[in-house]
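Novice:
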Amino acid sequence: MAKIMIAKIGTDAHDMGVTVVERWLADAGHEVVNLGLYNSPRRVAEQAAKERPDIVGLSFLGGEPVYLSGRVLDELREAGLGDTTLVAGGVLPPEVLRELEELGVAATFTPGTARETILETLAALVAGERRNVPTAKPKARTGAPGG
Amino acid sequence: MSDAKTFDAYLKGERPPNTATNSGIELDAVYGPGATPLAEKPGEYPFTRGIHGEMYRKRLWTRRQQSGYGTPKESNERLIFLLNQGMTGLNVDYDVPTKLAIDPDHPLAEGDIGTVGTSIATAEDVAELYEGIPLDRVSSTLICQPPASAFIVATYVRLAQARGVPLDALIGTIMNCAFTQLVGPNYQANTTFYPIEFSYRIGLDVMAWCAANMPKWNLVNVNAYNIRETGVNAVQEAAFAMMVASQHIEGLLARGLDIDAFAPRMAFFTAAGLDFFEEVAKLRAMRRIWATMLKDHYGAKNERSCWFRTAIQTAALPLTAQQPLNNIVRAGVQTLAAVLGGAQSIHTTSYDEAFALPTEASHTLSIRTQQVIAYETGVTKTVDPLGGSYFVEELTDRLESEILALMEAMRADGGYLKLFKERYVEDAIRESRFRHADAVESGAHPVVGVNCFANEDEPPPDMEFFRIDRSMMDGRIAYVKAYRKARNAKAAEAALTSVRNAAGSDANVMDSVLAAVDAKCTLGEVGQAFREGIGHTLPV
Numbered sequence: 006m007a008k009i010m011i012a013k014i015g016t017d018a019h020d021m022g023v024t025v026v027e028r029w030l031a032d033a034g035h036e037v038v039n040l041g042l043y044n045s046p047r048r049v050a051e052q053a054a055k056e057r058p059d060i061v062g063l064s065f066l067g068g069e070p071v072y073l074s075g076r077v078l079d080e081l082r083e084a085g086l087g088d089t090t091l092v093a094g095g096v097l098p099p100e101v102l103r104e105l106e107e108l109g110v111a112a113t114f115t116p117g118t119a120r121e122t123i124l125e126t127l128a129a130l131v132a133g134e135r136r137n138v139p140t141a142k143p144k145a146r147t148g149a150p151g152g
Numbered sequence: 027m028s029d030a031k032t033f034d035a036y037l038k039g040e041r042p043p044n045t046a047t048n049s050g051i052e053l054d055a056v057y058g059p060g061a062t063p064l065a066e067k068p069g070e071y072p073f074t075r076g077i078h079g080e081m082y083r084k085r086l087w088t089r090r091q092q093s094g095y096g097t098p099k100e101s102n103e104r105l106i107f108l109l110n111q112g113m114t115g116l117n118v119d120y121d122v123p124t125k126l127a128i129d130p131d132h133p134l135a136e137g138d139i140g141t142v143g144t145s146i147a148t149a150e151d152v153a154e155l156y157e158g159i160p161l162d163r164v165s166s167t168l169i170c171q172p173p174a175s176a177f178i179v180a181t182y183v184r185l186a187q188a189r190g191v192p193l194d195a196l197i198g199t200i201m202n203c204a205f206t207q208l209v210g211p212n213y214q215a216n217t218t219f220y221p222i223e224f225s226y227r228i229g230l231d232v233m234a235w236c237a238a239n240m241p242k243w244n245l246v247n248v249n250a251y252n253i254r255e256t257g258v259n260a261v262q263e264a265a266f267a268m269m270v271a272s273q274h275i276e277g278l279l280a281r282g283l284d285i286d287a288f289a290p291r292m293a294f295f296t297a298a299g300l301d302f303f304e305e306v307a308k309l310r311a312m313r314r315i316w317a318t319m320l321k322d323h324y325g326a327k328n329e330r331s332c333w334f335r336t337a338i339q340t341a342a343l344p345l346t347a348q349q350p351l352n353n354i355v356r357a358g359v360q361t362l363a364a365v366l367g368g369a370q371s372i373h374t375t376s377y378d379e380a381f382a383l384p385t386e387a388s389h390t391l392s393i394r395t396q397q398v399i400a401y402e403t404g405v406t407k408t409v410d411p412l413g414g415s416y417f418v419e420e421l422t423d424r425l426e427s428e429i430l431a432l433m434e435a436m437r438a439d440g441g442y443l444k445l446f447k448e449r450y451v452e453d454a455i456r457e458s459r460f461r462h463a464d465a466v467e468s469g470a471h472p473v474v475g476v477n478c479f480a481n482e483d484e485p486p487p488d489m490e491f492f493r494i495d496r497s498m499m500d501g502r503i504a505y506v507k508a509y510r511k512a513r514n515a516k517a518a519e520a521a522l523t524s525v526r527n528a529a530g531s532d533a534n535v536m537d538s539v540l541a542a543v544d545a546k547c548t549l550g551e552v553g554q555a556f557r558e559g560i561g562h563t564l565p566v
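Pasting the structure below:
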């Protein structure tokens, strides 16, 4: 099991996704540190230095995800935590997903992603498959409900 | 389609996984004549069937798409574009730093400037935003909550005065709800930058000032939509919204205002979810509850005080990032529910909003959706066409009693502000979110393209998305710094001292905020002065 720190960055307070993911991670046995709303990139790095999580997860709806993720990575590097695995989730268009990957964000999750997909991806990252996990797609459930 | 289990499901008879509404009301197979046939007419108390006798036959709902992004100048261009497409009212959204009353150069604002609304810091910005738009001929909704709403109203008032438009001619709405406007009633979101009691009080200051000076202006709009979008159901949306409205009413009554001096200028903003009949019934029930509450509980004499007037936005929560074109169909159905529910204005959410802010093209499609319903379907040609349906009347009664029961329980437990502070609302939101997530995971709540009928290897959507330009953000930071340098520093400091003093006293802050606008203080400085006046510091 891993220690996972999750946070909303900047002023965007849409936290439905991060609230649900927090519970999914905790239910799966992970140790979750939720920094809640209104974190500056520096605060995330400070808390990461204190808590030493295996993974840091950022949640976005408003805000500029590429810029803010870059700022968090900068602050992590400055704090000597450049090898921290950063993942991101939220309302993210395809172009942003590509840019986040180029930036070094290890995995991204868009709305509708199944619980199992998130848990499997994070487990792979913790197991050492860092930086090379492709954008996690929702698990497709074809066919009629209950089918 | 090669899935054997799918064929099994079709053979067994494809059917919905349950027969309850989204809020959990179990439905009968068929409805017959109820105990009390509805004798009421539209335009008559308690207005179940609509607040006007002829509704859309005389006047269609306002097509009011929310918009705003980037600089005030860019937003002005989008507003003019939308007005030229047939939008008939403005609905200006601000970025989150503006709503929190922090300036673009505040450390927490750096990645959020102009991203989900337009960036406003100065009176000059507001003048630029409304360039070429007549304030007495186009109604404007200003999407901002207290305490920032005090500054936003003050700048709008000064712009009107500078143009020679009398305040009693201004038409529009300041959203101004301390409990719901930011992202709904989440606890941390609404208590970090200012204590909730302070935001509530400044909201009342703005309402009292508007009631005295801007007779045609709507002084508060309870944002039930944001309540709903946190994940709660239709019954909770309606009951929480009514209890929030009661909190505002009781605050104004305690200041000595007469109920009929302000209630006609209170309005709502509700969600149209996807459960079609439940949403129509919810709106009918909310009209009846509001009218009865205002007359019986608060003693309103003016019939207009009893009008439940509501703007509607089609709920974004059911929209999916998977198979995004499906969202066009969802929004169409939701828009129809809003129309059959008797909305005063509608924002149809765009199909690309599960990814980003709408583009010009998707924004236009939203307006066209409303125009097709308004001009081609004929549903506007008679009032409350679903009224008298055994099912709709019974569902309306049932929702009314469920909503009233929840309101009674909340009243008995001390009212909205107390329950908000005790985390009752927060707990309700969390429980709903977990329940909904579980239902989507298990498939009990079908979402087409996500937990059923999904595409195995769905390619990324071939759509253009709206992106924000970083140079715009840097430009806004440079702008606000230059604006502060170019003014009379002494006058600005004196004005901010008055704001601090007013915030720390019982006085209405509006006069001091108007003076601060005149002294070229920025929104962020006024917000900071508010915090200093009450001794509140930011934890960040």
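Those sequence lines, one after another, are chains E and A.
Under the numbering used here, residues 6 to 152 are what the first sequence spells out, in order.
Under the numbering used here, residues 27 to 566 are what the second sequence spells out, in order.
Even glycine gets a Cβ: it sits at the ideal position worked out from N, Cα and C.
1) Report the CB separation of Ala518/A from Ala545/A in whole angstroms; it is logged as a contact under 8 Å.
2) Assuming Ala326/A contacts Leu320/A (C-beta within less than 8 Å), just tell me the rounded distance between them.
3) Which class does Val270/A belong to by DSSP, given the choice of helix, strand or coil?
4) Mark Lys308/A as exposed unless 16 or more other C-beta atoms lie within 10 angstroms of its C-beta, in which case mark it buried.
5) Any beta carbon from chain E within less than 9 Å of Met27/A's own beta carbon?
6) In whole angstroms, give me the CA-to-CA distance for Thr126/E and Gly39/A.
7) So within the stretch 297-336 of chain A, which uninterrupted alpha helix (DSSP H) runs reach at least 4 residues, ignoring any that extend past its ends?
8) Using DSSP with H/G/I as helix, E/B as strand and the rest coil, what is Asn292/A?
9) Going straight from the alpha carbon of Arg47/E to that of Val110/E, what length do you get?
10) Confirm, please, whether the CB-CB distance from Val49/E to Leu81/E is below 9 Å.
11) Should Arg314/A and Thr422/A be called a contact, given that it needs their Cβ atoms to be closer than 9 Å?
12) Can you name the residues of chain A whose CB is closer than 9 Å to the CB of Leu73/E?
13) Output, in sequence order along the chain, the residues in the stretch 13-25 of chain E whose CB is closer than 8 Å to any CB in chain A.
14) Residues of chain E with CB under 7 Å from Ala347/A, in chain order?
15) Within a Cβ cutoff of 6 Å, which residues of the same chain sit near Glu428/A, ignoring the five residues on either side of it in sequence?
16) Touching or not, the stretch 365-373 of chain A and the stretch 44-54 of chain A, by the rule of three or more beta carbon pairs under 8 Å?
17) Who are Gly62/E's beta bridge partners in DSSP?
18) Taking 8 Å as the cut-off, does the CB of Ala337/A come closer than this to any heavy atom belonging to the ligand GDP?
19) Phe556/A to Leu168/A, Cα distance in whole Å?
20) Are the C-beta of Val359/A and some C-beta of chain E separated by less than 9 Å?
21) Measuring CB atoms only, is the stretch 484-499 of chain A touching the stretch 379-386 of chain A, in the sense that at least three cross pairs come out at less than 8 Å?
22) Excluding five sequence neighbours on each side, which residues of the same chain lie with their C-beta closer than 7 Å to the C-beta of Asn352/A?
23) Residues of the stretch 476-488 of chain A with a CB closer than 8 Å to any CB of chain E: list them in chain order, please.
24) Kindly list, in the order they appear in chain A, the residues whose Cβ is closer than 9 Å to that of Val96/E.
25) Among the residues of its own chain, which have a CB less than 6 Å from the CB of Asp119/A, if the five just before and after it don't count?
26) Give me the chain E residues within the contact set of Gln214/A, using Cβ-Cβ distance strictly less than 7 Å, ordered along the chain.
27) If we cut at 9 Å on Cβ distances, does Glu150/A have a partner in chain E?
28) Please tell me whether Asp162/A has its Cβ less than 9 Å away from any Cβ of chain E.
29) Taking C-beta pairs closer than 7 Å, name the residues in chain E that Ile494/A reaches, listed in chain order.
30) May I ask which residues mark the beginning and end of the alpha helix (DSSP H) holding Val37/E?
31) From the DSSP output, in three-state form, read off Thr374/A for me.
32) For Leu130/E, count the other beta carbons within 10 Å of its own beta carbon; 16 or more makes it buried, fewer makes it exposed. Which is it?
33) What span of residues does the beta strand (DSSP E) with Ala135/A cover, start to end?
34) Does the beta carbon of Glu40/A sit closer than 9 Å to a beta carbon anywhere in chain E?
35) Which one of Leu279/A, Trp333/A, Ala65/A, Ser165/A has the shortest CA to CA distance from Thr114/A?
36) Kindly list the residues whose CB is nearer than 8 Å to the CB of Ile11/E, restricted to its own chain and excluding five residues on each side of it in sequence; keep chain order.
Specialist: To lay it out plainly:
1) Right, the Cβ-Cβ distance comes to about 5 Å (below 8 Å), so this counts as a contact.
2) So it is a contact: roughly 4 Å between Cβ atoms.
3) Helix.
4) Buried, by the Cβ-count rule.
5) Summary for Met27/A: the model assigns pLDDT 44, below 50, so the residue's position carries little reliability; its value from the coordinates is reported in the next sentence. Yes, its Cβ sits closer than 9 Å to a Cβ of chain E.
6) Straight-line measurement puts the Cα of Gly39/A at about 36 Å from the Cα of Thr126/E.
7) Qualifying alpha helix (DSSP H) stretches, in chain order: 302-318.
8) One detail in the question is off: residue 292/A reads as Met in this sequence, not Asn. Met292/A: strand per DSSP, three-state reduction.
9) Their Cα atoms are separated by approximately 17 Å.
10) The Cβ-Cβ distance between Leu81/E and Val49/E falls below 9 Å.
11) When the beta-carbon positions are compared, Arg314/A and Thr422/A come within less than 9 Å of each other.
12) The CB of Leu73/E comes closer than 9 Å to the CB of Glu136, Gly137, Asp138 in chain A, given here in chain order.
13) Of all residues in the stretch 13-25 of chain E, Ile14, Gly15, Thr16, Asp17, Ala18, His19, Asp20, Met21, Thr24, Val25 have a Cβ within less than 8 Å of some Cβ in chain A.
14) Chain E residues near Ala347/A: Thr115, Pro116, Gly117.
15) Only Val261 meet the Cβ criterion.
16) Counting C-beta pairs with one atom in each stretch, the stretch 365-373 of chain A and the stretch 44-54 of chain A have fewer than three that are closer than 8 Å, which means they do not touch.
17) Gly62/E pairs with Ile11/E, Val92/E.
18) This structure does not include the ligand GDP; it has no bound ligands of any sort.
19) In a straight line, the C-alpha of Phe556/A is about 21 Å away from that of Leu168/A.
20) At a cut-off of 9 Å between beta carbons, Val359/A makes no contact with chain E.
21) Contact between the stretch 484-499 of chain A and the stretch 379-386 of chain A is present, because at least three Cβ pairs lie under 8 Å.
22) Listed in chain order, the non-local C-beta contacts of Asn352/A below 7 Å within the same chain comprise Thr346, Val474, Gly475, local neighbours out to five positions each way being set aside.
23) Residues passing the 8 Å Cβ filter: Val476, Asn477, Cys478, Phe479, Ala480, Asn481, Glu482, Asp483, Glu484, Pro486, Pro487.
24) Those are Ala347, Glu379, Ala380, Phe381, Ala382, listed as they occur along chain A.
25) Within its own chain, the residues whose Cβ lies closer than 6 Å to the Cβ of Asp119/A, once the five positions on either side in sequence are excluded, are Gln92, Gly94, Gly143, Ile169, listed in chain order.
26) From the beta-carbon of Gln214/A, the residues of chain E found nearer than 7 Å are Gly41, Leu42.
27) False, the Cβ-Cβ gap to chain E never drops below 9 Å.
28) No, no contact with chain E.
29) Glu69, listed in chain order.
30) No alpha helix (DSSP H) holds Val37/E; the beta strand (DSSP E) holding it covers 36-39.
31) Three-state result, Thr374/A: coil.
32) Counting Cβ neighbours within 10 Å, Leu130/E comes out buried, since at least 16 surround it.
33) Per DSSP, Ala135/A belongs to no beta strand (DSSP E) and is neither H nor E.
34) Under the Cβ criterion of 9 Å, Glu40/A is counted among the residues facing chain E.
35) Comparing Cα positions, the closest option is Ser165/A.
36) In the same chain as Ile11/E, and ignoring 5 residues on each side of it, the C-beta atoms closer than 8 Å to its own belong to Val23, Val26, Glu27, Leu30, Val37, Val38, Asn39, Leu40, Val61, Gly62, Leu63, Ser64, in chain order.
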